[in-house]
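**Student:** Quick one: the structure is below, and I'll ask about it shortly.
Chains as they are written, first to last, in my numbering: chain A, 492 to 932; chain B, 176 to 243.
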């Protein structure tokens with residue numbers, strides 16, 4: 492053999508064929524291979540499907556190894572049959588762990604080594620998914636956060652909705668239509684996200700954080716929804732990061748991921764779960780409606796009680812008015828008689844006052860009148876007396892008695908000496924003057 | 176005599192002064208006449224003042240009596 496190999500010169504085809512034969516010899520039967528599907532692109536125009544099977548490092552998630560896989564058209568009916576038997580829990584798609592029965596082959600013309608798929612074991616994948624799902628649930632329980640979002644209360648009037656869904660999808664329209672038909676003024680902001688595939692985790696967690704941040708407006712509730720689609724795609728919502736984000740929110744999350752049997756981890760951790768987008772919308776509408784009715788009822792009750800208060804107030808007022816009507820004359824009577832008494836007192840007081848003052852004035856007046864009489868009488872008497880006295884000094888009185896006054900040169904002549912013969916003498920009698928001349932002594 | 180009218184009491188006082196002078200002193204006849212003339216005039220003034228005021232007081236008293 493060694494000689495054979497050392498002496499033999501292979502053409503490329505020969506070496507490929509030789510390796511192919513060796514592989515066939517080494518893998519006489521098909522073998523089970525498990526790995527993650529990558530590069531899976533089903534194309535209706537191509538009969539055969541090619542993709543990669545990848546092995547990743549569990550911790551770092553980096554690719555450790557990869558191999559090409561081929562699903563030929565002749566094997567596809569068998570595979571389809573297997574998939575259908577799982578009621579949609581399983582489907583061939585990227586990023587899922589699968590277990591294939593494969594023939595290991597090398598295509599001599601190209602030298603490409605690949606796995607030719609003969610059969611698939613969906614139970615393996617379902618089991619893996621269940622396992623990973625359970626792992627996430629266990630972790631959430633351990634962390635004590637699995638029911639955190641259920642503790643958040645959905646506001647009574649959840650009109651501001653943050654919607655996470657594939658924009659323009661059937662789910663989107665179902666949800667929006669239902670809200671619009673209610674007639675209530677819902678305000679919906681949408682963040683467009685993938686609802687399957689690897690980007691679900693990142694897009695959904697980002698959207699959740701966006702709606703819960705107060706910087707981006709005030710939302711009452713976040714709704715995550717998707718339409719029918721493949722049941723197998725639900726597995727994207729068995730996601731630890733999404734679950735932990737929901738658990739950390741102070742805002743209620745309603746999930747409506749469109750599934751019938753099993754809940755995804757997202758559903759488990761959400762505040763409320765609805766089966767369809769329409770039902771999620773109905774839930775919100777129902778809440779608003781309930782509150783609306785409650786307010787209406789309160790309104791009616793308020794109106795009733797206001798009416799009642801007004802009616803009873805009216806009765807009380809009427810009663811008071813009647814009472815007052817009866818009492819007022821009495822009050823007026825007593826008031827009037829009191830006033831009357833006061834008036835009497837006042838007039839008698841003032842009369843007394845006036846009387847006493849009049850008495851005083853009268854007596855003063857009499858005194859004055861009397862004084863007047865006495866005064867004038869006295870004064871007259873005094874003047875008469877003075878008059879008499881003055882008169883008594885009048886020389887005329889003496890002249891009447893026969894005395895005369897003689898003047899020389901206008902001077903009274905008291906003695907004889909000093910009067911010369913020829914001097915003019917003026918002799919004054921009581922009734923007149925006479926002029927004479929001195930002739931001798 | 177006075178430029179402004181004398182008061183009753185002033186006039187009366189002057190009369191009394193004149194009387195005192197007449198009683199106390201030996202006066203010349205002419206002076207006496209002057210004094211007497213003056214005194215009589217003053218007495219007349221006093222009389223007229225007294226009469227006038229008596230009439231006035233009477234008026235007041237009558238008015239008061241009437242008001243009473």
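The C-beta atom is built at its ideal place from N, Cα and C for all residues, glycine as well.
Give the secondary structure of residue 240 of chain B by DSSP, where H, G and I count as helix, E and B as strand, and everything else as coil.
**Tutor:** Three-state result, residue 240 of chain B: helix.
**Student:** Residues of the stretch 838-869 of chain A with a CB closer than 8 Å to any CB of chain B: list them in chain order, please.
**Tutor:** In summary, the residues of the stretch 838-869 of chain A whose CB is separated from some CB of chain B by less than 8 Å are 853, 856, 859, 860, 863, 867, in the order they occur in the chain.
**Student:** State the DSSP-derived secondary structure class of residue 531 of chain A, mapped to helix, strand or coil.
**Tutor:** coil
**Student:** Any chance you could list the alpha helix (DSSP H) runs of at least 4 consecutive residues sitting entirely within the stretch 494-524 of chain A, in chain order?
**Tutor:** 503-517
**Student:** Give me the chain A residues within the contact set of residue 205 of chain B, using Cβ-Cβ distance strictly less than 8 Å, ordered along the chain.
**Tutor:** Within chain A, the residues placing a beta-carbon under 8 Å from that of residue 205 of chain B are 903, ordered along the chain.
**Student:** Can you tell me which of the three DSSP states residue 562 of chain A falls into?
**Tutor:** strand
**Student:** Just to make sure I have the definition right: I need the residues of chain B whose C-beta is within less than 7 Å of the C-beta of residue 886 of chain A. Which are they?
**Tutor:** Residues of chain B passing the Cβ test: 204, 207, 208.
**Student:** Output needed in chain order: residues of the stretch 228-242 of chain B with a Cβ under 7 Å from some Cβ in chain A.
**Tutor:** Result list: 229, 232, 236, 239.
**Student:** Do you know how far the Cα of residue 712 of chain A is from the Cα of residue 657 of chain A?
**Tutor:** For residue 657 of chain A and residue 712 of chain A, the distance between alpha carbons rounds to 18 Å.
**Student:** Below 9 Å on C-beta distance, what does residue 199 of chain B contact in chain A?
**Tutor:** The contacting residues do not exist; residue 199 of chain B stays about 11 Å from chain A at best.
**Student:** For residue 926 of chain A, which residues of its own chain have a beta-carbon under 8 Å away from its beta-carbon, when the five flanking residues on both sides are left out?
**Tutor:** Taken in chain order, the residues that qualify are 915, 916, 917, 918.
**Student:** Taking only the alpha-carbon atoms, compute the straight-line gap between residue 503 of chain A and residue 600 of chain A and give it to the nearest angstrom.
**Tutor:** Those two C-alpha atoms are separated by around 9 Å.
**Student:** Can you tell me the Cα-Cα spacing of residue 640 of chain A and residue 665 of chain A, whole angstroms?
**Tutor:** 25 Å
**Student:** How about the stretch 635-652 of chain A and the stretch 772-783 of chain A: do they share at least three Cβ pairs that are nearer than 8 Å?
**Tutor:** yes
**Student:** If you count every other CB in all the chains shown that lies within 10 Å of the CB of residue 778 of chain A, and 16 or more means buried, which is it?
**Tutor:** buried
**Student:** By how many angstroms is the C-alpha of residue 190 of chain B removed from the C-alpha of residue 902 of chain A?
**Tutor:** 27 Å
**Student:** Mind listing the chain B neighbours of residue 880 of chain A? Cutoff is C-beta to C-beta under 7 Å, in chain order.
**Tutor:** 194
**Student:** At least one CB of chain B closer than 8 Å to the CB of residue 874 of chain A: is that the case?
**Tutor:** Chain B, which has a Cβ nearer than 8 Å to the Cβ of residue 874 of chain A, makes this yes.
**Student:** Find the residues of chain B that neighbour residue 871 of chain A, judging by a C-beta separation of less than 7 Å, and give them in chain order.
**Tutor:** 225
**Student:** Residue 924 of chain A lies in the beta strand (DSSP E); which residues open and close that run?
**Tutor:** According to the DSSP assignment, residue 924 of chain A belongs to the beta strand (DSSP E) that extends over 923-928.
**Student:** Return the chain-ordered ranges of every alpha helix (DSSP H) run that is complete within the stretch 683-735 of chain A and spans a minimum of 4 residues.
**Tutor:** 690-703
**Student:** Exposed or buried, what is residue 831 of chain A when buried is set at 16 or more other beta-carbons lying within 10 Å of its beta-carbon?
**Tutor:** exposed
**Student:** By how many angstroms is the C-alpha of residue 229 of chain B removed from the C-alpha of residue 211 of chain B?
**Tutor:** 26 Å
**Student:** Report yes if the C-beta distance between residue 696 of chain A and residue 736 of chain A is below 8 Å; otherwise report no.
**Tutor:** Result yes, Cβ atoms of residue 696 of chain A and residue 736 of chain A sit closer than 8 Å.
**Student:** Using 8 Å as the Cβ pair cut-off and three pairs as the minimum, do the stretch 524-542 of chain A and the stretch 558-565 of chain A touch?
**Tutor:** yes
**Student:** Give a yes or no on whether 8 Å exceeds the smallest Cβ distance from residue 877 of chain A to chain B.
**Tutor:** Interface criterion met: the Cβ of residue 877 of chain A is under 8 Å from a Cβ in chain B.
**Student:** With a threshold of 8 Å between beta-carbons, can residue 896 of chain A be considered close to chain B, or not?
**Tutor:** With its beta carbon less than 8 Å from one in chain B, residue 896 of chain A belongs to the interface.
**Student:** Can you tell me which of A/681, A/689, A/688, A/717 puts its alpha carbon nearest to the alpha carbon of residue 707 of chain A?
**Tutor:** A/681
**Student:** Assign residue 651 of chain A to one of three DSSP states: helix, strand, or coil.
**Tutor:** strand
**Student:** Taking 8 Å as the threshold, find out whether the stretch 537-554 of chain A comes into contact with the stretch 622-640 of chain A through three or more Cβ pairs.
**Tutor:** no
**Student:** Quick check on residue 193 of chain B: buried or exposed, where buried means 16 or more other Cβ atoms within 10 Å of its Cβ?
**Tutor:** Residue environment for residue 193 of chain B: buried (at least 16 other C-beta atoms within 10 angstroms of its C-beta).
**Student:** Check whether the stretch 230-243 of chain B and the stretch 885-899 of chain A are in contact - that is, three or more C-beta pairs closer than 8 Å.
**Tutor:** no
**Student:** Is residue 729 of chain A near residue 767 of chain A, with beta carbons less than 8 Å apart?
**Tutor:** no
**Student:** I'd like to know whether the C-beta atoms of residue 710 of chain A and residue 652 of chain A end up nearer to each other than 8 Å.
**Tutor:** Result yes, Cβ atoms of residue 710 of chain A and residue 652 of chain A sit closer than 8 Å.
**Student:** Which partner residues does residue 610 of chain A have in the DSSP bridge list?
**Tutor:** A/592
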